[in-house]
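Notes follow once the structure below has been shown.
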Amino acid sequence: MLFCAGQGQPNATRTLGIVQDTGIIRAEIGKNVTLHCFCQNDVTHISWYQQSLGGELCLISTRMKQITVAEMSPAFQKRFHVLAHARECSNHLTITDLQASDSATYFCAVLEFNGIEFGPGAFLHVRASLSDTQPVVHQPVVEQLRPGDSLNLSCTVDAESQCASEQSLYWIKQGAAGAAELTFPSAEQCTTEKPHKRNCTFNLEIHSASASDAGMYYCALASCGEIVFGNGTRVEIIGRW
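Numbering follows UniProt numbering, in which position 15 of the sequence shown is assigned residue number 15; successive positions increment by one, without gaps.
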């Protein structure tokens, strides 16, 4: 049985008491990766959660702070392992033999007496080997805005595959603090050039830009069980209010 909550970002308190890997972490299929997490405050339990693009928040593991052996959810028992030290309050997650389906956001969380608190999360992108039919994602290198301006950030995808019509596209923003934030496109326009080949443009609108909108915006295409990233667009806020 897999315990998963509803869709959307964790709505519990974000805390400075958790120090975990953040941003976008890239790894190759078949390799191993370790995601690090340390807790600073007095906690009772420490957990890891996984959330795939557009999917539910699923519990991977949980353990009491004083116990170094974590209880793993059945779906994660084979390739997911937790290395823990009670004294330094570390709770590192290792994933072996990476699969494309492991691409997701991973949250370290702690249970305190007043509720559960989540770290900022890290997005793990498991990259497959390149092929001639792999989708190509195009996006501008840089966009500059003045405070208060608006921007329609665009991303174009050329996809040729049997499941081109089943693709989903997301925007992932990596801000100055390093955390990866998932956002969604506001519009989609597609044309079909021939069977199984589509050209789509996705847009993300930024209204009344402020300093918090600065960062790298990555276009991420989920198609045929894999995720393909664009090279990213750096949004810069220039000038003063």
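The C-beta atom is built at its ideal place from N, Cα and C for all residues, glycine as well. Please read all numbers here as calculations on a predicted model, not as lab measurements.
Please return the same chain residues whose Cβ sits closer than 6 Å to the Cβ of residue i, not counting the five positions on each side in sequence.
i, result
"glutamate 120", "Reading off the sequence shown, one finds proline at residue 120, where the question assumed glutamate. Closer than 6 Å at the Cβ level, and outside the excluded window around proline 120, lie Thr22 and Ala179."
"residue 243", "With the chain running from 1 to 241 in the structure shown, residue 243 is simply not present."
"phenylalanine 76", "Ile60"
"glycine 232", "Met216 and Tyr218"
"lysine 197", "Glu160"
Got a sec, what are the start and stop residues for the beta strand (DSSP E) residue i sits in?
i, result
"glutamate 112", "104-112"
"glycine 232", "From DSSP, glycine 232 is part of no beta strand (DSSP E); its letter is neither H nor E."
"aspartate 149", "Counting along the chain, aspartate 149 falls outside any beta strand (DSSP E), and DSSP gives it neither H nor E."
"cysteine 224", "Premise fails: cysteine 224 is in no beta strand (DSSP E) and is neither H nor E."
"histidine 125", "122-127"
"glutamine 174", "168-174"
"histidine 207", "First-last for histidine 207: undefined, no H or E at that position."
"glutamine 136", "Checking the displayed sequence, the identity of residue 136 turns out to be valine instead of glutamine. Where valine 136 is concerned, the enclosing beta strand (DSSP E) stretches over 136-138."
Spatial neighbours of residue i within its chain, please: CB distance less than 7 Å, with the 5 preceding and 5 following residues excluded, ordered by chain position.
i, result
"leucine 83", "His92 and Thr94"
"threonine 184", "At residue 184 the sequence reads phenylalanine, which differs from the threonine that was named. Taken in chain order, the residues that qualify are Tyr170 and Trp171."
Measure the C-alpha to C-alpha separation of residue i and residue j and round it to an integer number of angstroms.
i, j, result
"threonine 13", "leucine 151", "Below a pLDDT of 50, predicted positions are generally treated as unreliable, and threonine 13, at 44, falls in that range; no measurement from the model is reported."
"glutamate 117", "threonine 96", "27 Å"
"glycine 239", "tyrosine 170", "29 Å"
"aspartate 42", "alanine 27", "33 Å"
"histidine 125", "glutamine 99", "10 Å"
"valine 142", "glutamine 51", "29 Å"
"valine 110", "glutamate 88", "14 Å"
"threonine 68", "phenylalanine 80", "15 Å"
"proline 135", "aspartate 102", "19 Å"
"leucine 182", "glutamine 66", "33 Å"
"glutamine 167", "alanine 104", "16 Å"
"isoleucine 24", "tyrosine 106", "10 Å"
"alanine 128", "isoleucine 29", "6 Å"
"leucine 53", "threonine 44", "29 Å"
"alanine 177", "alanine 122", "12 Å"
"leucine 57", "isoleucine 237", "33 Å"
"threonine 156", "threonine 201", "4 Å"
"phenylalanine 229", "alanine 220", "5 Å"
Could you pull out every residue in the same chain whose Cβ sits closer than 8 Å to the Cβ of residue i, ignoring the five residues on either side in sequence?
i, result
"glutamate 193", "Asn199"
Every unbroken beta strand (DSSP E) within the UniProt domain "Ig-like" (10-110), with a cutoff of 3 residues, ordered by chain: 18-20, 23-28, 33-35, 37-39, 45-51, 56-64, 80-85 and 90-95
Stretch pair the segment 146-161 + the segment 201-214: three plus CB contacts closer than 8 Å: yes
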